[in-house]
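Single-structure report; data block below.
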Amino acid sequence: MKRFWLIFAQTVTVALGLYMVVAALRPEWLGRQVTQVQVGTGQRSVPVLQAGPAPVPGSYREAAGRAMPAVVNVLTSKALRNSHPMLKDPFFKRFFGDRPPEEQLASLGSGVIVSADGYILTNYHVVEAADEIEVGLADGRKEAATIVGTDPETDLAVIRIKARNLPVMVMGQVEQARVGDVVLAIGNPFGVGQTVTMGIISALGRNNLHINHFENFIQTDAAINFGNSGGALVDSNGNLLGINSAIYSQTGGSVGIGFAIPVSTARMVLEQIIQHGQVVRGWIGIESQDITPELADSFGLGRQSGAIIAGVVRGGPADKAGMRPGDILLKVEGKPVANTSDMLNLIAQLQPGGKARMTVMRKNRESVLDVTVGRRPRQVE
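Under UniProt numbering, the first residue of the sequence shown carries the number 1, and numbering increases by one thereafter.
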C-alpha cells in the first residue's frame, strides 16, 4: 500500500508540473483564449500572451451585449396651451398678449430598431399625440423621428429616423418560448439610462386583461417600470421575443407582473404599416361573449369552449352568411375557437375580401357557413 501511494504522489507531481509548463508556454493548448500584447516600446517591446476573459457561468452578458445596441430611448413632447382664466385679464395680456404661453409636456419611453434603415417599433401610448419625437441611440447620438403608422388596438407604433447602418435587433421565435425560459427586459426606466433586468417567462397567451383590444401577452417577472414601455424583451441569446407594454401594479412600480406584446404580433403590425400605412384586419360584424359555466348550464351546453354570438351587424358579412344571435362559433377556417379573445384574433388574421369557412352550433346542431370577410373599421384614435 505504501508503494502504491508513493507512485500516486509522484504521478500527480509530474502531472501538475507538466500543466504549469504548458499553461506558461502554450496556454492555447488548454483551450484558454489568449491575446498578444506589447510590453514596452520601440526595439525593447516584447510580445506577451495575455489570457482573455473566461466564460462566466450563469452570465447573460453576451445576450445583453447583442441586444442593447438596438434598444433606443424615446423622448416625446407635446405643446399644451395654457387656458387659465387669469390669462384673459387685461393686466396679464400686457405681458403675454392675446396668445397664451405654451408649456411642453415631456414623456419617456423606449423603442427597438428593427431595420438598418431606421424603422423602430415602440408602443402607441409612448408616441400618442406627440408633437415632437426624439430618439436617443445607444452610442449617444440623438435623432429626430417621425411616425410611420400606429395601431392602437395592439398598442404598437412604428417610427423612423433618418440614420442608416443602424444596429438591428434579431427577431426570435416566440412560438418556441416556454414558461420558465430566462428573459431580459431592456429599456430606459424612469429616464435613468439604458437598463437590463432579468426574469423568466411567467405565462404565455395572457388575455382578457382589458389593456388592448387584441391581447396575447407574454407575462414576465423581469422588472418593467415607467419608461420601459416600447423596449425589448429578449431571450437568453439576445433575440427579440416581445415589446414591453404594461405592468400590473398598485404603486406604479414593478411588482413582478409585466406584459409584453409577442414578436409575432409586432412583426405583423410592422409589415402592415410599412406596406399599407395602417393595419388591415378581417371583420365579419358580430358581437360575442364567452361561455361561462352559468351560461352553459342555462343553455344546456355540454361544452365551455367557443363564443356565443350576442349580436350581428345588420347587412354585415356574418348576417349575409346566415349567422344569428344565439349561435355558438366553434371554428374559424378549421381552427377551434376557445373564447372571445381567441375568436377576435382568428378573424382579424383573415384576408378582407376572401371567403372563410366558419363552424357554428345552433340548437345543438353544427353547420358550416361560408362568410365573405370584410375589412375591420379602424379604431378612432
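Beta carbons are placed, not taken as given, at the ideal position from N, Cα and C, and that holds for glycine. Keep in mind that this is a model prediction, so the values were computed, not measured.
Cβ shell of residue i (< 8 Å), same chain only, five flanking positions each side left out
{"i": "R44", "result": "Unreliable placement is indicated for R44, whose pLDDT of 47 sits below 50; no coordinate value is reported for it."}
{"i": "S110", "result": "V71, V72, N73, V74, T122, V126, I186, G187, N188, G227, N228, S229, G230, G231, A232 and N244"}
{"i": "R94", "result": "Residue placement at R94 is poorly supported in this model, since its pLDDT is 49, which falls under 50; the coordinates are not used for a value here."}
{"i": "M68", "result": "A138, I186, Q194 and V196"}
{"i": "R324", "result": "I309, V312 and R362"}
Cut-off 6 Å between Cβ atoms - residues of its own chain near residue i, not counting five sequence neighbours on either side
{"i": "N239", "result": "V170 and G172"}
{"i": "T372", "result": "P317 and K355"}
{"i": "M358", "result": "V332, L369 and V371"}
{"i": "N364", "result": "none"}
{"i": "residue 450", "result": "Outside the displayed range of the chain (1 to 381) lies residue 450, so it cannot be described from this structure."}
{"i": "A246", "result": "I211 and F259"}
{"i": "A157", "result": "T122, Y124, V127 and T150"}
{"i": "S202", "result": "Q219, T220 and D221"}
{"i": "T41", "result": "Residue confidence is low: T41 scores 47 on pLDDT, short of 50, so the model does not pin down where it sits. No coordinate-derived value is stated."}
{"i": "A106", "result": "S77"}
Residue range of the alpha helix (DSSP H) that includes residue i
{"i": "N345", "result": "T340 to A348"}
{"i": "K320", "result": "P317 to A321"}
{"i": "V127", "result": "Y124 to V127"}
Through-space distance from residue j to residue i, alpha-carbon basis
{"i": "T265", "j": "G149", "result": "15 Å"}
{"i": "G199", "j": "Q10", "result": "50 Å"}
{"i": "N237", "j": "A64", "result": "8 Å"}
{"i": "N339", "j": "I308", "result": "9 Å"}
{"i": "L350", "j": "E271", "result": "15 Å"}
{"i": "V337", "j": "K162", "result": "43 Å"}
{"i": "A129", "j": "V174", "result": "31 Å"}
{"i": "G58", "j": "V182", "result": "11 Å"}
{"i": "G205", "j": "G252", "result": "24 Å"}
{"i": "D327", "j": "R378", "result": "26 Å"}
{"i": "V360", "j": "S367", "result": "6 Å"}
{"i": "A51", "j": "L18", "result": "The pLDDT assigned to A51 is 47, lower than 50, so where the model puts this residue is not dependable; a value taken from the coordinates is nonetheless given after this. Rounded to the nearest angstrom, the two C-alpha atoms are 19 Å apart."}
{"i": "residue 413", "j": "S288", "result": "Absent from the model: residue 413. The displayed extent of the chain is 1 to 381, so no value can be given."}
{"i": "N208", "j": "G118", "result": "34 Å"}
{"i": "N212", "j": "G136", "result": "27 Å"}
{"i": "I347", "j": "I147", "result": "27 Å"}
{"i": "R66", "j": "G180", "result": "22 Å"}
{"i": "K274", "j": "L301", "result": "According to the sequence shown, residue 274 is Ile rather than Lys. Roughly 45 Å between the two C-alpha positions."}
{"i": "S77", "j": "I133", "result": "7 Å"}
{"i": "A145", "j": "R314", "result": "43 Å"}
{"i": "E294", "j": "G242", "result": "36 Å"}
{"i": "E62", "j": "S298", "result": "57 Å"}
{"i": "A15", "j": "Y248", "result": "59 Å"}
Option nearest residue i by Cα separation, candidates the options
{"i": "G322", "options": "I286, E294 and S341", "result": "I286"}
{"i": "P189", "options": "I347, Q349, N73 and V337", "result": "N73"}
{"i": "G193", "options": "R375, D290, G65 and G140", "result": "G140"}
{"i": "A260", "options": "T292, P352 and N216", "result": "N216"}
{"i": "P152", "options": "A203, L137, F214 and A130", "result": "F214"}
{"i": "S305", "options": "S298, D297, T292 and G315", "result": "T292"}
{"i": "S254", "options": "D221, V280, G242 and V234", "result": "D221"}
{"i": "A79", "options": "D131, R378, V234 and G334", "result": "D131"}
{"i": "I113", "options": "I159, P262, T146 and I133", "result": "I159"}
{"i": "I120", "options": "S107, A106 and E143", "result": "E143"}
{"i": "V280", "options": "N212, A106, L209 and P352", "result": "P352"}
{"i": "I257", "options": "A223, R66 and A348", "result": "A223"}
{"i": "T154", "options": "R267, G180 and R178", "result": "R267"}
{"i": "K320", "options": "A177, L329, G374 and R178", "result": "G374"}
{"i": "A177", "options": "V234, Q250, G334 and K335", "result": "V234"}
{"i": "Q250", "options": "Y124, I284 and N225", "result": "N225"}
{"i": "I218", "options": "Y248, L184 and P262", "result": "P262"}
{"i": "I284", "options": "L329, G242, L241 and S298", "result": "L329"}
{"i": "Y60", "options": "I201, L184, L241 and D342", "result": "L184"}
{"i": "G282", "options": "S107, R376, S298 and L241", "result": "R376"}
Boundaries of the beta strand (DSSP E) in which residue i is found, first to last residue
{"i": "E134", "result": "E132 to G136"}
{"i": "G311", "result": "A307 to V312"}
{"i": "G65", "result": "Element bounds for G65: not the beta strand (DSSP E) but the alpha helix (DSSP H), R61 to A67."}
{"i": "K142", "result": "K142 to D151"}
{"i": "L204", "result": "T195 to R206"}
{"i": "T154", "result": "From DSSP, T154 is part of no beta strand (DSSP E); its letter is neither H nor E."}
{"i": "K331", "result": "I328 to V332"}
{"i": "A116", "result": "That residue, A116, is in no beta strand (DSSP E); it is neither H nor E in DSSP."}
{"i": "A185", "result": "V182 to G187"}
Chain-order list of residues whose beta-carbon lies under 7 Å from that of residue i (same chain, five-residue window excluded)
{"i": "N165", "result": "A116"}
{"i": "G277", "result": "G149"}
{"i": "P167", "result": "P69, A70 and I113"}
{"i": "D290", "result": "A307, N339 and T340"}
{"i": "K335", "result": "L346"}
{"i": "V269", "result": "D151, T154, L156 and V279"}
{"i": "L191", "result": "Correcting the residue type first, residue 191 is Gly in the shown sequence and not Leu. If we look at G191 and ignore the five residues flanking it on each side, its Cβ neighbours are L108 and G227."}
{"i": "L344", "result": "F214"}
Below-8 Å beta-carbon distance, residue i vs any chain C residue
{"i": "I133", "result": "The chain labelled as chain C is not found in the depicted structure, where only one protein chain is given."}
Quiz prompt | Length-filtered (3 minimum) beta strand (DSSP E) runs lying within the stretch 223-295 | solution = 232-234, 240-247, 258-262 and 286-290
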